[in-house]
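*Asks:* In this note's numbering, the protein residues as written are 780 to 959. Ideal placement from N, C-alpha and C gives every residue a C-beta, glycine not left out. Keep in mind the model is a prediction, meaning the values are calculated, not measured.
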């Protein structure tokens, strides 16, 4: 079976889909006691473009830099997700959809890039001004640090690192994303 370019990208870019069954062998558990999301999320403030500052390196995302995610509201009330990744000089995108988990104060979503298959996406914490967010999921194997700027200020990076550690994650597993 030959995969299309979009399917190949989705397999390599699943950072926001978190479909471990499609992702192959997961990375090490970086937090065995994943906390519940710290704050409610105002969806209209969360929507828009995010740059991946850093992540837990997972086999399915190996070699990806220049990673971005763009969220917008769809007519059906779900969220349109467009992820992009630059790998070996080539930028590719994958389109997906997300839905809010009821009762989660908009901090837990289910994201899909493959039809009926959804993975967890938890906004574990965020800045009050929505300039950064820390995203994970229940297994503690996946973690992403997102910012609104491709090159966040050093004090923002330091605050995110400190908060990741406060949440119980192993900073030694973090790989900083090259945003060029």
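Buried or exposed: which applies to residue 852, given that a residue is buried once 16 or more other Cβ atoms fall within 10 Å of its Cβ?
*Replies:* exposed
*Asks:* Are the beta-carbon atoms of residue 842 and residue 867 separated by less than 8 angstroms?
*Replies:* Going by beta carbons, residue 842 and residue 867 fall inside the 8 angstroms limit.
*Asks:* With which residues is residue 834 paired in a DSSP beta bridge?
*Replies:* Paired residues: 923 and 954.
*Asks:* Assign residue 800 to one of three DSSP states: helix, strand, or coil.
*Replies:* With a pLDDT of only 34 at residue 800, under 50, the local geometry of the prediction cannot be trusted, and no value is derived from it.
*Asks:* Within 10 angstroms of the Cβ of residue 877, are there 16 or more other Cβ atoms? Answer buried if so, exposed if not.
*Replies:* buried
*Asks:* Where does the unbroken beta strand (DSSP E) through residue 841 begin, and where does it stop?
*Replies:* Where residue 841 is concerned, there is no enclosing beta strand (DSSP E), given that its DSSP letter is neither H nor E.
*Asks:* Please report the residue range of the beta strand (DSSP E) in which residue 888 lies.
*Replies:* 887-893
*Asks:* Which residues bound the beta strand (DSSP E) around residue 905?
*Replies:* The continuous beta strand (DSSP E) containing residue 905 extends over residues 896-905.
*Asks:* Helix, strand or coil: which one does DSSP assign to residue 818?
*Replies:* Here residue 818 sits in coil by DSSP.
*Asks:* So if DSSP puts residue 850 in a beta bridge, which residue, or which two residues, is it bridged to?
*Replies:* 827 and 860
*Asks:* Could you give the distance in angstroms between the alpha-carbon of residue 901 and the alpha-carbon of residue 934?
*Replies:* 24 angstroms
*Asks:* Which whole-angstrom value describes the C-beta separation of residue 812 and residue 947, a residue pair presumed to lie in contact below a C-beta threshold of 8 angstroms?
*Replies:* 6 angstroms
*Asks:* Rounded to whole angstroms, how far is the Cβ of residue 830 from the Cβ of residue 928, which I believe are closer than 8 angstroms?
*Replies:* 7 angstroms
*Asks:* Taking just the CA atoms, how far does residue 821 sit from residue 885?
*Replies:* 7 angstroms
*Asks:* Which of the three DSSP states, helix, strand or coil, is assigned to residue 949?
*Replies:* coil
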